[in-house]
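Trainee: Start counting the sequence shown at 443; every next residue gets the next number (the working numbering).
Cβ atoms here follow ideal geometry from the backbone N, Cα and C, with glycine treated the same way.
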Amino acid sequence: MSRSSFHLLLGLLFFLARFTAWAQSPDTQQAQLRERTLLATNNARAHAASGNWAEAISTLQNAINSLSPSNSTTAAYRHYLYFNMGYLYEHQPDADAATLKLAAQAYAQALSNKPDDVKTLNNLILVSRAIGDNLSALTYIDHIIRLDSSSAYQWHLVAGDIYRSEGRQDQAWKEYKKAIDLNPTNRTAAQKIVDLYETGPADDQKLLEQCKEFRQSGMAEMARIGLEEILRKNCDTWSSDPQYNEDALLEWAGVLIENRWVRRDIFDGIAAMKCNSRPLEDLQRSIRDGWYKVGFAPSQQSWWLENERRAFYYLAMQKSWADYLLTTGRQREAMELYEAAWAPLNRIQDRSREIYGRNGVVLIDLLTQLARVYTNKTLDPNGMKFREMESRLFEQKGAAISADDLPAMEKFHTILGYIYVERKQWQNGARGAKFQLEHAIRAAKMAAQDDPTHSKPIPHLYHYLGLTYMNIGNPGEATNAYLDAAIGYLETDNLRLAGQMVKTFDSIGVMTPVTQAKATSVRTLVAARSQIKQLDVESFEPDKGKYFRAQATYTWIDNPNGLEGIPDDVLKRQRFKALSDLSEQADNVGATDVSQALKQRALTSLQEVTVLSSPQDVVRLNKVKNTSQLTEYNEVGKHPNVNFDPKNEVYVPTEGRDYKKVIYFKEDIAERH
């Protein structure tokens, strides 16, 4: 061999060695595997597109067989090929049960190579349901919920549907209830619960409690539908459990009153049930023949007037029916119903809190409406009716003052204040809105000082007082009143009106340095709470040790001292509201870890709260508690929470009395008398 040939051969051997080393390198192997996998997949799809499904499946199977051995290097490609095989089996035009079973097997193989793939689990659940393998579907649902809490709501609905298809109503209820706990205002789960009740065994008490939760969560329409379903199922068996049926009927009446649904079409729907129960028959008779009239003793009246609680609801419905008549132009009939309901409402125990969440509302609304009607000269030509009403109210207010009855004093000052605002009687000593509203607020504050657990937001009073100050030419005091109204609306979770108050006091433009600082604080709270529902997943990404990037907007949560002019107890409640709502939004967008940290912070924030301020806070408390995975940390992986559980009681608004104490954290929520 010549020297030149030898060098040529040596160079070739060297090149082959280099090439072999390159071909055997991990990066090159991965590239080759990826190329072969994509080529096989594209060829399979081309066969499927031309209708040659068998060839498509065979192409994928050959590619899988070529991936030898089965190890961590080839697992990702096996997953990809098996997933596509399952997809092709599933989507064949004439796929029968046997073909779908092959799809399930292919998806299961894909999952074995990538156990936590959400997309594969999703398809496995759907195919398992299609072939009737409910046990596997439920197993996969448990798996996917653990992996992806943001989709838990939807999968609990699917699990509920599976149990319902098997006739396992109790299990279906539990799954639908879990979905509602995760998303209390979503109508889909609510409708499924009502439908389940309609077709399944009548578990009246369970549905009644759920309807109360619907109402508390703002889903009044679902509460009404569910309660009417209870009434329909029990209309011919009323006497079997009269107390339960009475509770359901009064809850239904409360929903109608609260939402101004006491009107003809609603009652026509009840009449269509053709119920033989006395309460509903008596209610229909009231609509047909006339409501309660002065001069009739309760014993001569219907079931509704046999005790004070029923009578209150009946008279509240009468007042609401009069409101409905006003909208149809029947002022005289409305006036007669208002006048007839006034005296008995004034005699019996006020139960407005059961309906509206605060005391006195029914009587206040009734008399305000009556004052409005009396401005019609044809109904009160010489003003005598109004003067008589005014005189009676002053007498009752005087009696409350003599008895040092602060709640009654607040109520009558409020009624008179509202009436004078309605009649634009702004300033005339005791017969003016300014005097009465200021005294109503003073009475409310004194009552709260006597017992802090009976304190309550009164934004409506500050709102009307601001309007009064503007009409008497005092913009500075109006600004203060509107600021306090905004704070009250934040406390009651009425963010729309809180925002309206911000626009109102900003438009006045008259502020001292003190009110300016307070206004800045109010704007911060309103803006922060209003924008929570707009936060996306990027807003919750960790950033330099913060809980989420959007935290700059919520620095007041960690540093409430920066908000001047806001009472300390209000700030503590606002922290709980904001942290709870942020945790819910984090769940909604899939930021699970951050959501868990926020839920724990929301619960620990209650250690500093004595009284919650709105029924929605109870929903927040239940939701955070039911969906949190409590740990010893109050941040993801950092800062052990050494003060995790020093206190677990808080007062919340409730029906029937001012407040109840509830247990939260590690115990189930339960009333403590």
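(1) Could you check what DSSP says for Val1053 in three-state terms: helix, strand or coil?
(2) What would DSSP say about Phe457, mapped onto helix, strand or coil?
(3) Kindly indicate which residue of Glu750, Tyr756 and Leu808 has the alpha-carbon position closest to the one of Ala776.
(4) Between Ala920 and Ile900, how many whole angstroms is the CB-CB distance? I'm expecting something under 8 Å.
(5) Could you have a look at Ala872 and say whether DSSP puts it in helix, strand or coil?
(6) If we ignore side chains and look at the alpha-carbon of each, how far apart do Lys986 and Tyr996 end up?
(7) Measuring alpha carbon to alpha carbon, tell me which residue in Pro557, Tyr582, Lys556 and Asp559 is nearest Leu568.
(8) To the nearest angstrom, how far is the alpha carbon of Leu1045 from that of Ile667?
(9) Would the beta-carbon of Val968 fall within 8 Å of that of Ala923?
(10) Measuring alpha carbon to alpha carbon, tell me which of Arg938, Thr820 and Asp1029 ends up nearest Asp978.
(11) Work out the CA separation of Ile635 and Lys648 for me, nearest whole Å.
(12) On the CB-based measure, 16 or more other CB atoms within 10 Å of its CB, does Arg774 come out buried or exposed?
(13) Return the first residue and the last residue of the alpha helix (DSSP H) that Met664 is part of.
(14) Counting beta carbon pairs with one atom in the stretch 620-628 and one in the stretch 585-603, are three or more of them shorter than 8 Å?
(15) What are the start and end residues of the alpha helix (DSSP H) that includes Ile843?
(16) Assign Leu848 to one of three DSSP states: helix, strand, or coil.
(17) Can you tell me which of Pro917, Ala886 and Gly915 puts its alpha carbon nearest to the alpha carbon of His1116?
(18) Helix, strand or coil: which one does DSSP assign to Ile974?
(19) In terms of alpha-carbon separation, which member of Thr562, Ser492, Thr479 and Ala546 lies closest to Leu523?
(20) Could you tell me whether the stretch 813-829 touches the stretch 869-887, using the rule of 3 or more Cβ pairs below 8 Å?
(21) Would you kindly report the start and end of the unbroken alpha helix (DSSP H) that includes Gly941?
(22) Go through its chain and collect everything with a Cβ distance to Val385's Cβ below 8 Å, but skip five positions before and after it.
(23) Cutting at 7 Å between CB atoms, please list the residues of its own chain near Lys876, excluding the five before and the five after it.
(24) For Arg795, which three-state DSSP category applies?
(25) Assuming Asp956 contacts Arg1015 (C-beta within less than 8 Å), just tell me the rounded distance between them.
(26) Excluding five sequence neighbours on each side, which residues of the same chain lie with their C-beta closer than 6 Å to the C-beta of Tyr756?
(27) Going straight from the alpha carbon of Met888 to that of Gln726, what length do you get?
(28) Of the residues Cys653, Ala764 and Gln472, which one's Cα is nearest the Cα of Ser514?
(29) Just the Cα atoms here: how many angstroms apart are Phe854 and Ser719?
(30) Give me the Cβ distance between Gln611 and Leu580, rounded to the nearest whole Å; I'm assuming they're in contact under 8 Å.
(31) Please state whether the Cβ-Cβ distance between Gln547 and Thr541 is less than 8 Å.
(32) Ignore the nearest five residues each way along the sequence and tell me which others in Pro917's own chain have a CB closer than 6 Å to its CB.
(33) Quick check on the DSSP output: the alpha helix (DSSP H) that includes Lys556 runs from which residue to which?
(34) Using 8 Å as the threshold, is the C-beta distance between Leu698 and Ile672 below it?
(35) On the three-state DSSP scale, how would you describe Ala782?
Mentor: According to the data block:
(1) For the purposes of this step, residue 1053 is identified with residue 611 of the sequence shown, where counting begins at 1. If DSSP states are grouped into helix, strand and coil, Val1053 belongs with the strands.
(2) As a first step, residue 457 must be located in the sequence shown, where it is residue number 15. Reliability of the predicted coordinates at Phe457 is poor, the pLDDT of 38 falling under 50, and the value obtained from them is presented with this limitation in mind. DSSP places Phe457 in helix when its eight states are reduced to three.
(3) One-based indexing of the sequence shown puts residue 776 at position 334. Here the closest residue by C-alpha is Leu808.
(4) The residue labelled residue 920 in the question sits at position 478 within the sequence shown. The residue labelled residue 900 in the question sits at position 458 within the sequence shown. That belief does not hold up - the Cβ atoms of Ala920 and Ile900 are roughly 17 Å apart, past 8 Å.
(5) Counted from its first residue, the sequence shown places residue 872 at position 430. Note: Ala872 maps to strand in three-state DSSP.
(6) On the sequence shown, residue 986 is found 544 positions in, with the first residue counted as 1. On the sequence shown, residue 996 is found 554 positions in, with the first residue counted as 1. Residue placement at Lys986 cannot be trusted, given a pLDDT of 44 that sits under 50; what the coordinates show is reported in the next sentence. Whole-angstrom Cα-Cα distance: 15 Å.
(7) If you number the sequence shown from 1, residue 568 lands on position 126. Ranking Pro557, Tyr582, Lys556 and Asp559 by Cα distance to Leu568 puts Tyr582 first.
(8) Working through the sequence shown from its first residue, we reach residue 1045 at position 603. Working through the sequence shown from its first residue, we reach residue 667 at position 225. Approximately 33 Å between the Cα atoms of the pair.
(9) Translated into the one-based positions of the sequence shown, residue 968 becomes position 526. Translated into the one-based positions of the sequence shown, residue 923 becomes position 481. The answer is no: Cβ separation not under 8 Å.
(10) Taking the first residue of the sequence shown as 1, we reach residue 978 at position 536. If we check each option's Cα against that of Asp978, Asp1029 comes out closest.
(11) Translated into the one-based positions of the sequence shown, residue 648 becomes position 206. Translated into the one-based positions of the sequence shown, residue 635 becomes position 193. Approximately 10 Å, taken between the alpha carbons.
(12) To locate residue 774, count along the sequence shown from 1; it is residue 332. Exposed: under 16 other Cβ atoms inside 10 Å.
(13) Here residue 664 refers to the residue found at position 222 when the sequence shown is read from its first residue. Counting along the chain, the alpha helix (DSSP H) containing Met664 begins and ends at Ala662 to Asn676.
(14) yes
(15) Here residue 843 is taken as the residue at index 401 of the sequence shown, counted from 1. From DSSP, the alpha helix (DSSP H) with Ile843 extends over Met826 to Ser844.
(16) Here residue 848 is taken as the residue at index 406 of the sequence shown, counted from 1. Looking at Leu848 - three-state DSSP - the assignment turns out to be helix.
(17) Since the first and last residues shown for the chain are 443 and 1115, residue 1116 lies out of range.
(18) What you label residue 974 is simply residue 532 of the sequence shown in a count that begins at 1. DSSP places Ile974 in the helix class (H, G or I) of the three-state scheme.
(19) By one-based count along the sequence shown, residue 523 stands at place 81. The residue with the shortest Cα to Cα distance from Leu523 is Thr479.
(20) Verdict: no, contact absent.
(21) Residue numbering aside, residue 941 sits at position 499 when the sequence shown is read from its first letter. First-last of the alpha helix (DSSP H) with Gly941: Leu937 to Ile950.
(22) Residue coverage of the chain in this structure runs from 443 to 1115, which leaves residue 385 outside it and unanswerable.
(23) For the purposes of this step, residue 876 is taken as the residue at position 434 of the sequence shown. Around Lys876: Trp868, Gln869, Thr910 and Ile914.
(24) For this step, residue 795 is matched to residue 353 along the sequence shown. Helix at Arg795.
(25) By one-based count along the sequence shown, residue 956 stands at place 514. By one-based count along the sequence shown, residue 1015 stands at place 573. Contrary to the premise, residue 956 reads as Val rather than Asp in this sequence. About 23 Å separates the two Cβ atoms, so there is no contact after all.
(26) Working through the sequence shown from its first residue, we reach residue 756 at position 314. Trp746.
(27) Numbered from 1 along the sequence shown, position 446 holds the residue referred to as residue 888. Numbered from 1 along the sequence shown, position 284 holds the residue referred to as residue 726. In a straight line, the C-alpha of Met888 is about 44 Å away from that of Gln726.
(28) Stepping through the sequence shown from its first residue, residue 514 is reached at position 72. That would be Gln472, whose Cα lies nearest to the Cα of Ser514.
(29) Counting from one through the sequence shown, the residue named residue 854 turns up at place 412. Counting from one through the sequence shown, the residue named residue 719 turns up at place 277. Their backbone Cα atoms lie some 38 Å apart in a straight line.
(30) Start at 1 with the first residue of the sequence shown, and residue 611 comes out as number 169. Start at 1 with the first residue of the sequence shown, and residue 580 comes out as number 138. Rounded, the Cβ-Cβ distance is 16 Å, inconsistent with contact.
(31) As a first step, residue 547 must be located in the sequence shown, where it is residue number 105. As a first step, residue 541 must be located in the sequence shown, where it is residue number 99. Contact: no.
(32) Position 475 of the sequence shown, counted from the first residue, corresponds to residue 917. Taken in chain order, the residues that qualify are Ile950 and Val952.
(33) Walking along the sequence shown from the start, residue 556 turns up at place 114. No alpha helix (DSSP H) contains Lys556, which DSSP labels as neither H nor E.
(34) Translated into positions along the sequence shown, residue 698 becomes position 256. Translated into positions along the sequence shown, residue 672 becomes position 230. Against a cut-off of 8 Å, the Cβ pair of Ile672 and Leu698 comes out as no contact.
(35) By 1-based counting over the sequence shown, the position of residue 782 is 340. The answer is helix: DSSP assigns Ala782 an H, G or I state.
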